[in-house]
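Chemist:
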Amino acid sequence: MRVVVANTQAPFVRGGAELHASNLCQALRRSGHEAELVTIPFNWRSAESLVDHAIAASCIDLTEFFGAPIDLMVGLKFPAYLMHHPNKVVWLLHQHREAYDLWEKGGLRRQQGGQAARKVIGDIDTKALSSVNRLFANSRNVAARLKRFNGIQAEPLYHPPPLADVIRPGNYGDYFYFPSRISGLKRQELVLQAMAKCTTPAKVVFSGMPDSKADAGALQARINEFGLQERASWLGHVTEEQMLELYAGARAVIFTPLDEDLGYITLEAMLAAKAVITTTDSGGPLEFIDDGVQGLVRKPDPRLLAEALDQLWRDPHEASRLGRAGKQRYAELDISWDKVVHSLIGLRTA
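Counting with our numbering, you get residues 22 to 371 for the letters of the sequence shown.
In structure tokens:
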């Protein structure tokens, strides 16, 4: 089967969504299909450009090229999933969240024409996603948002994280690990606030690139402000091998984002047999982590989070028990690219 995977592209930016699309194409090819990634540039700098890009995407027809038919289109992100194909499946990574759950916090609300753009995006999404052959979501959290805002039901479909084949367990060392891009939505600052309230000498290692220079400056400023120079470090970008070593040697993994879509970090921590410390409003991680079973779940309050950090810092055996339970939970979920390909390809119409 000839399959196109449709995704967005921001030049010079490569993150989880781009890696996801690439890995899907590779999985399709391993299964014997021809697969090609088709991307559309997406710039959300203004309300007007948001609408323009949505209209542009909806005008692109991927049914055939140069007389050769394309059998299936798999759409991933807004506005790429608006491109036309008579046999279209959408595996929704996320919508344009500033028009939905991040409306109050995002910049679209404050832009001229933002309210009108929000309505247009909602109407376009509802029409487009109601008419596809089958609709999957990257997680239960993404599916729940779609149901809440658009009244559309999607089936959650999980996939392995990028490091699934190489990640390894290790000792339960003398640091907590928080691997993520440095961003307000990932809430590294909340962790630093908690660290300042710990009664133990707990340590945390952050890795990941910042969303902006301001985010990088804010992280280092908070480390200095809270006097955590000896207990909190930020490594910036790390290689894959460095990340594997950091996962393997951590006491536990911290992941405290605000309403995450899915979160590779949770799944990678489970594969590394590490407990996950997360919060009650973190979204995606809560689909895998139960408090006291595979990790610790606390309200996003620095004092309560500090208690969780102190608990696992004092008791590495508890950290080990929770981490091993997480690894077992991952095995029980039966997450694989073969299952993903079967689900997507199996939807072809006659």
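The C-beta atom is built at its ideal place from N, Cα and C for all residues, glycine as well.
Just the C-alpha distance for Ile173 and Ala271, rounded to the nearest angstrom, thanks.
Modeler: Going from the Cα of Ile173 to the Cα of Ala271 covers about 40 Å.
Chemist: Could you tell me which whole alpha helix (DSSP H) segments of length 4 or greater appear in the stretch 170-255?
Modeler: Correct list: 209-216 and 234-246.
Chemist: At the level of alpha carbons, what is the spacing between Asp280 and Cys80?
Modeler: Looking at the two C-alpha atoms, the distance is approximately 32 Å.
Chemist: How would you write the range of the beta strand (DSSP E) that Thr299 sits in, first residue to last?
Modeler: Val297 to Thr300 is the extent of the beta strand (DSSP E) around Thr299.
Chemist: Write down the C-beta distance between His117 and Asp282 rounded to the nearest angstrom, noting that I regard them as a contact closer than 8 Å.
Modeler: With 8 Å as the limit, His117 and Asp282 do not qualify as a contact, their Cβ atoms being about 12 Å apart.
Chemist: How many whole angstroms separate the CB atoms of Ala8 and Leu333, which I take to be in contact at a CB cut-off of 8 Å?
Modeler: The chain is shown from 22 up to 371; residue 8 falls before or after that span and cannot be answered.
Chemist: Assign Asn159 to one of two classes, buried (16 or more other C-beta atoms within 10 Å of its C-beta) or exposed (fewer than that).
Modeler: Per the 10 Å Cβ criterion, buried.
Chemist: Could you tell me which residues DSSP pairs with Lys320 in its beta bridges?
Modeler: Paired residue(s): none; Lys320 is not in a bridge.
Chemist: Can you tell me the Cα-Cα spacing of Ala140 and Ser151, whole angstroms?
Modeler: The sequence given here has Lys at residue 140, not Ala. One C-alpha to the other measures close to 16 Å.
Chemist: Mind the definition here: the stretch 164-180 touches the stretch 236-247 only if three or more C-beta pairs lie below 8 Å; say whether that holds.
Modeler: The answer is no - the stretch 236-247 does not touch the stretch 164-180, with fewer than three Cβ pairs under 8 Å.
Chemist: DSSP state of Leu97, grouped into three classes?
Modeler: Looking at Leu97 - three-state DSSP - the assignment turns out to be strand.
Chemist: Under the three-state reduction of DSSP, which class applies to Thr287: helix, strand or coil?
Modeler: Three-state DSSP puts Thr287 in a helix.
Chemist: Throw me the rounded Cβ distance for the Leu178 and Phe157 pair, which I believe falls under 8 Å.
Modeler: Between Phe157 and Leu178 the Cβ distance is about 4 Å, and since that is below 8 Å, they are a contact.
Chemist: In whole angstroms, what separates the C-alpha of Gly205 from that of Lys224?
Modeler: Distance between the alpha carbons of Gly205 and Lys224 is about 21 Å.
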